[in-house]
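A.B. asks: Sharing a structure with you now.
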Amino acid sequence: MSEQAEFINPAPSDPSTAASEEWTPRIIAFLCNWCSYAGADLAGTSRIQYPPSIRVIRVPCSGRVNPQYIIKALADGADGVMVSGCHPGDCHYLEGNYYARRRFAVLKRLLSLAGFHPDRVQFTWVSASEGAKFAEVVSTVTEKIRVLGPSELGGRDGV
């Protein structure tokens, strides 16, 4: 028996109205201090352009991002959440990103069952030397969230 989850905030049915709005998604980004945050810093110092849609929270390791932080961000009205860490095998804490990868695979399924669209939460791996890749990832995540439209959960003032 296959059940379809009913997602909160499905994509707008009329793309012309979504394109006409000047809406910028609010995306909370949890970035690993050693790789992804350094990649974001490199993108900034290299003056690589990317959408101003993310609010960065620097964490010691992607493995230290508690799934409750992601749920809280979505419940408080964030349009999306991005978690980015070191590439698997390159974690400064040896296995932190492996823990994160397993934890977030389960979390994504749980969020889908709870009615959140799976594309509202994105997980990426960006190293300190990949400033251009960081900008590309932010652009991709922003576009995916823009297609879904604004979140109707929580207040927009807290994000």
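The opening position of the sequence shown corresponds to residue 20 in the numbering used here, with each subsequent residue numbered one higher.
Quick reminder that beta carbons are idealized off the backbone N, C-alpha and C, glycines included.
Can you tell me whether L172 is helix, strand or coil according to DSSP?
C.D. replies: L172 falls in the coil class under three-state DSSP.
A.B. asks: Please list the terminal residues of the continuous alpha helix (DSSP H) segment that includes A57.
C.D. replies: 55-64
A.B. asks: If you run the structure through DSSP and keep just helix, strand and coil, what is G99?
C.D. replies: strand
A.B. asks: Spatial neighbours of E162 within its chain, please: C-beta separation below 8 angstroms, excluding the five flanking residues on both sides.
C.D. replies: Cβ neighbours of E162 beyond the five flanking positions: none.
A.B. asks: Can you name the start and end residues of the alpha helix (DSSP H) that A151 belongs to?
C.D. replies: 150-167
A.B. asks: Just to confirm the assignment, what range does the alpha helix (DSSP H) spanning R74 have?
C.D. replies: Looking at the DSSP string, R74 is not in any alpha helix (DSSP H); the run it does join, the beta strand (DSSP E), is 73-78.
A.B. asks: Note down, in chain order, each residue of its chain lying with its Cβ closer than 6 angstroms to the Cβ of V160, except the 5 sequence neighbours on either side.
C.D. replies: M101, Q141
A.B. asks: Taking the alpha helix (DSSP H) that V145 belongs to, which residues open and close that run?
C.D. replies: Note, V145: premise wrong, no alpha helix (DSSP H); not H, not E.
A.B. asks: For the candidate residues G82, R122, E171, whose alpha-carbon lies nearest to that of N52?
C.D. replies: G82
A.B. asks: Between A147 and the rest of its own chain, which residues show a CB-CB distance below 6 angstroms, the 5 nearest in sequence each way excluded?
C.D. replies: C54, A57, G58
A.B. asks: In terms of residue numbering, what span does the alpha helix (DSSP H) encompassing A124 cover?
C.D. replies: 115-132
A.B. asks: Beta carbon of T143, beta carbon of S103: below 7 angstroms?
C.D. replies: yes
A.B. asks: Which residues in the same chain have their Cβ closer than 6 angstroms to the Cβ of V75, if we skip the five residues on either side of it in sequence?
C.D. replies: A48, L50
A.B. asks: With DSSP as the reference, label I67 as helix, strand or coil.
C.D. replies: coil
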